[in-house]
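Visitor:
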Amino acid sequence: MEIGSRSDVGRMRGNNEDCCKVVPELNLAVLSDGMGGEAHGEVASQMAVEGVSDHCQEWVNDPEAPLASEARSDLSEHTNRLISGIRKANGRIFETAKQNPTHRGMGATVVAVWVNEQRMSLAHVGDSRAYLLRSGELQQLTADHSLVAEQVRRGIITQQQADESENASVLLRALGIEEDVQVDADEHLLMEGDIVLVCSDGLTRMVTEPEIASTLLTHPGAQSAADRLVELANEYGGADNITVILMRMPTSPDGLLVRLWRWLMKPL
Amino acid sequence: MAKLVLKFEQSVLKEVAISDRPVTIGRLPDNDIQIDNLAVSSHHARVFKDVNNVVVEDLNSLNGTFVNNQRITKTTLKTGDAILIGKHHIELQESAAGEQVAPAAPKAAAPKIEETVMLDSKRRKELLEAALAAQAAAGGGQVPTAAPSATPSAAKAAAPSAAPRAKVPSLVVTKGSTDQKEYLLSGRLTVIGKSDMATVKIKGFFARLFAPDVAAQINKRDDGYYVAKAGQTPKVNGNPITGPTKLNEGDTIEVSGLILNFVFRD
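Protein sequences appear in the order of chains A and B. Numbering (my numbering) for the first sequence: 2 to 269. Numbering (my numbering) for the second sequence: 54 to 319.
#1: So what's B:P293 in DSSP terms, helix, strand or just coil?
#2: Between A:Y237, A:E138, A:D34, which has its C-alpha nearest A:V111's C-alpha?
#3: For A:M48, does the three-state DSSP call read helix, strand or coil?
#4: Is the CB of A:S8 under 9 Å away from at least one CB in chain B?
#5: Taking the straight line between their C-alpha atoms, what separation do you get for B:D304 and B:N84?
#6: Is it buried or exposed for A:E18, if we count other Cβ within 10 angstroms and need 16 for buried?
#7: Please report whether the beta-carbon of B:Q270 lies at a distance below 9 Å from any beta-carbon of chain A.
#8: How close, in whole Å, do the beta carbons of A:G108 and A:A163 come, if the pair is a contact with beta carbons under 8 Å?
#9: Check whether the Cβ atoms of B:L59 and B:I71 sit closer than 9 Å, and answer yes or no.
#10: Looking only at its own chain, which residues have a Cβ that is under 8 Å from the Cβ of B:M250, when we skip the five neighbours before and after it?
#11: Can you list the residues of chain B that A:M266 reaches, using a CB-CB cut of under 7 Å?
#12: Express the C-alpha separation of B:S95 and B:T132 in angstroms, rounding to a whole number.
#13: Exposed or buried, B:R124, counting other C-beta atoms within 10 Å across all chains shown (16 or more means buried)?
#14: Determine, using beta carbons only, whether A:Q161 and A:G5 come nearer to each other than 9 Å.
#15: Which same chain residues end up closer than 6 Å to B:L311 when comparing Cβ atoms and leaving out the 5 residues on each side of it in sequence?
#16: Entirely within the stretch 207-292 of chain B and at least 4 residues each: give me those alpha helix (DSSP H) ranges in chain order.
#17: Rounded to the nearest angstrom, how far is the Cβ of A:G127 from that of A:L172, given a contact under 8 Å?
#18: Verify the CB distance criterion: does A:T244 have a CB-CB separation below 9 Å to chain B?
#19: Mind checking the stretch 185-197 of chain A against chain B and listing, in chain order, the residues whose C-beta falls within less than 8 Å of any C-beta there?
#20: Between the stretch 228-242 of chain B and the stretch 69-86 of chain A, are three or more C-beta pairs nearer than 8 Å?
#21: Based on the DSSP secondary-structure assignment, which residues constitute the bridge partners of A:M2?
#22: Give the interface partners of A:N117 over in chain B, defined as CB-CB distance under 9 Å, in chain order.
#23: Please determine, among B:N292, B:Q285, B:A260, B:V93, the residue with the shortest C-alpha to C-alpha distance to B:H141.
#24: Taking 6 Å as the limit between beta carbons, can you name the residues of its chain near A:T244, skipping five residues before and five after?
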C-alpha cells in the first residue's frame with residue numbers, strides 16, 4: 002500500500018501531543034492523541050503508538066508470542082493482536098501515570114489499522130477516527146467514544162447539538178485512565194483504489210467531511226494528500242494538534258490473458 | 054435564588070446561579086456561559102443584579118440579544134423570561150428551595166475549548182444511567198447491548214430482537230467446489246474467493262481460473278449479516294444485489310459459480 006502521514010502542532014497549541022507511527026513493510030499504522038496537559042499527553046501518545054506497533058512486530062517475528070489479553074473468536078489473529086497491543090499499552094500508561102506524580106492524569110486515544118492482503122483490521126479507543134473513501138464517498142468506520150457521540154447514539158441529543166456542545170471533547174474511554182480498557186474492533190475488506198484515512202480530531206474539528214473527501218480525490222499521492230489536509234486544518238484555524246495517516250490500496254490491473262478469459266466467460 | 058438556564062431546543066445544557074458577580078455570555082471560553090457558535094459574538098451579553106432586579110445587557114453584539122422576541126440593549130428580566138442569543142435560550146428561573154446551583158465558576162477552573170478531558174468513571178456512570186432512565190421513561194428506542202468485550206463470546210446473539218437461544222449463522226455449499234461443505238459464520242468478516250486468505254475458498258481448476266481472488270464478502274453488523282460485492286456482484290435469491298444486502302434464513306447466495314445457502318444453526 003502507498004502510505005503518507007503527517008503530524009503538526011497546529012496554530013494554537015504550545016506543543017504537539019499527537020503521535021503516529023507507520024510500519025510500511027507490515028501495512029500497519031497507529032495514531033494517538035495524548036491528553037493531560039503540561040506535556041504529559043505526548044508521553045502517553047508515544048507509549049500508545051510504540052506499544053501497539055512493537056507488540057505487532059513481535060508477533061510477526063515470533064508467531065508464538067503470547068497475546069496480552071484473551072482472544073476474540075469472531076476476529077482474525079491480526080485484529081486480536083491490535084486489541085492485545087492496545088490493552089497492553091493501556092496498562093503501561095496507567096502504571097506510569099500511577100508511579101509518577103508528574104504524569105498523573107495523562108491519557109490518550111488510539112486508532113490502529115493493519116492491512117493483511119485485502120483484510121483490514123481496525124481497533125480504537127477514544128475519539129480519533131478512521132474513515133474509508135470508496136467510490137468518492139467518505140464513510141466513518143469508527144464510533145467516537147465521546148460523551149456527546151454517546152448521547153447522539155442514544156437519541157438524547159441531535160448531531161448538531163453534539164457539534165455545538167461545550168462537552169464535545171469529553172471522552173468516555175481513553176488509554177491510561179483505568180487499569181483495563183474496552184477496545185472496539187472490526188474488520189473490513191478493502192478493494193482496489195480504496196483509501197483509508199486515520200486522523201485525530203484536530204483535523205475533523207477544522208475541516209468538514211465533504212472537504213476532506215474532495216481533497217483526497219484531487220490529491221492522488223498519499224503523502225501530498227496528507228500534507229494538504231494538515232494545511233487545510235491550519236488554514237481554518239488549527240485549534241488543535243493535527244495528525245493524519247493515509248493508506249491507499251493499489252489498483253492492480255490483471256494480466257491481459259486473464260482479462261480476456263474473464264470477458265469471454267462473462268455470459269456464463 | 055435566581056438562576057440562568059442555558060437551553061438548546063429542549064435540552065438543558067447548563068445552569069448558573071446569579072450571585073453578585075455579573076454572568077457573561079459569549080463565544081469565547083472566558084465567558085461564564087460559553088456558546089460555541091459562529092452566530093454568537095465573542096462577548097455577547099451579560100446578566101447582572103441591579104438592586105432587586107435581574108438585568109440583561111447586550112455588549113454590542115453583531116446579531117443582537119432578544120428578550121420575548123424583541124431586540125434589546127438593556128432590559129430587566131422577570132422569572133420565566135428567555136433571552137435568545139443565536140439559537141440558544143437562556144431562561145431566568147427561580148431555583149427550588151434547597152436546590153444547589155453553582156454560581157459561575159472562576160475562569161481558571163473551566164476547561165479550555167477543545168482540550169480533551171476524560172469523564173471520571175463515577176460521573177460517567179451517573180450521566181449514562183440518567184440518560185438511560187430518561188430514554189426508558191420516554192419509551193424510546195433500543196437499549197444498546199453491552200459493547201464487545203475482549204472475552205470470547207461465541208454465544209453472542211446476532212439480532213437485537215428477542216431471540217430465545219443464540220443461533221449461529223452458517224453457509225451451506227449446494228453447488229461448486231470449496232474447501233469445506235459448510236462454514237459457520239463466526240467472524241465479523243467472511244471472505245469468498247480463491248485467495249488463500251478467503252474464508253470460503255473456491256476450489257477446482259476452471260473455477261479458480263476465472264474467479265477473482267476475492268469475489269464477495271459477508272459482514273456482521275449489529276443487526277445481522279450483510280452480503281456485499283467484492284470482485285464480483287453476487288446474486289441473492291436470483292437477483293444481483295445493488296448494495297450490502299441483509300441475509301435472511303434460507304437465502305441463497307450465488308457468486309463465482311458457487312451457490313451458498315444461508316441458514317441458522319442452533
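Positions of the beta carbon are idealized from the N, C-alpha and C atoms, including for glycine.
Guide: Concretely, from the data shown:
#1: Translated into positions along the second sequence, residue 293 of chain B becomes position 240. In this structure, B:P293 counts as strand in the three-state DSSP scheme.
#2: Counting from one through the first sequence, the residue named residue 111 of chain A turns up at place 110. It is A:D34 whose Cα lies nearest to the Cα of A:V111.
#3: Working through the first sequence from its first residue, we reach residue 48 of chain A at position 47. Of the three classes helix, strand and coil, the one that applies to A:M48 here is helix, per DSSP.
#4: Stepping through the first sequence from its first residue, residue 8 of chain A is reached at position 7. No, because no Cβ of chain B sits closer than 9 Å to the Cβ of A:S8.
#5: The residue given as residue 304 of chain B occupies position 251 in the second sequence. The residue given as residue 84 of chain B occupies position 31 in the second sequence. So the alpha carbons of these two residues sit roughly 60 Å apart.
#6: The residue you call residue 18 of chain A lines up with position 17 of the first sequence. In summary, A:E18 is buried, with 16 or more beta-carbon neighbours lying within 10 Å of its beta-carbon over all protein chains present.
#7: Numbered from its first residue, the second sequence carries residue 270 of chain B at position 217. Output row for B:Q270: interface = yes.
#8: Here residue 108 of chain A is taken as the residue at index 107 of the first sequence, counted from 1. Here residue 163 of chain A is taken as the residue at index 162 of the first sequence, counted from 1. Their Cβ separation, rounded to whole angstroms, is 21 Å, which puts A:G108 and A:A163 out of contact at 8 Å.
#9: Reading the second sequence from its first residue, position 6 is the one you call residue 59 of chain B. Reading the second sequence from its first residue, position 18 is the one you call residue 71 of chain B. Going by C-beta atoms, B:L59 is not nearer than 9 Å to B:I71.
#10: If you number the second sequence from 1, residue 250 of chain B lands on position 197. V244.
#11: Taking the first sequence and counting its residues from 1, the one referred to as residue 266 of chain A is at position 265. Those within 7 Å of A:M266 in chain B are F263.
#12: If you number the second sequence from 1, residue 132 of chain B lands on position 79. If you number the second sequence from 1, residue 95 of chain B lands on position 42. Distance between the alpha carbons of B:T132 and B:S95: 26 Å.
#13: The residue labelled residue 124 of chain B in the question sits at position 71 within the second sequence. That one is exposed.
#14: For the purposes of this step, residue 161 of chain A is taken as the residue at position 160 of the first sequence. For the purposes of this step, residue 5 of chain A is taken as the residue at position 4 of the first sequence. Going by C-beta atoms, A:Q161 is not nearer than 9 Å to A:G5.
#15: In the second sequence, the residue the question calls residue 311 of chain B occupies position 258. Excluding positions up to five away in sequence, the list reads G229.
#16: 258-263
#17: As a working note, residue 127 of chain A is residue 126 in the first sequence. As a working note, residue 172 of chain A is residue 171 in the first sequence. Indeed they touch by this definition, with Cβ atoms about 6 Å apart.
#18: In the first sequence, the residue the question calls residue 244 of chain A occupies position 243. Not an interface residue.
#19: D185, A186, D187, E188, H189, L190, M192
#20: yes
#21: For this step, residue 2 of chain A is matched to residue 1 along the first sequence. None; A:M2 has no bridge partner.
#22: Translated into the one-based positions of the first sequence, residue 117 of chain A becomes position 116. Neighbours of A:N117 on chain B, chain order: M250.
#23: Here residue 141 of chain B refers to the residue found at position 88 of the second sequence. Ranked by Cα distance from B:H141, the first of B:N292, B:Q285, B:A260, B:V93 is B:V93.
#24: For this step, residue 244 of chain A is matched to residue 243 along the first sequence. Same-chain partners within the cutoff: S8, D19, C21, L32, S201.
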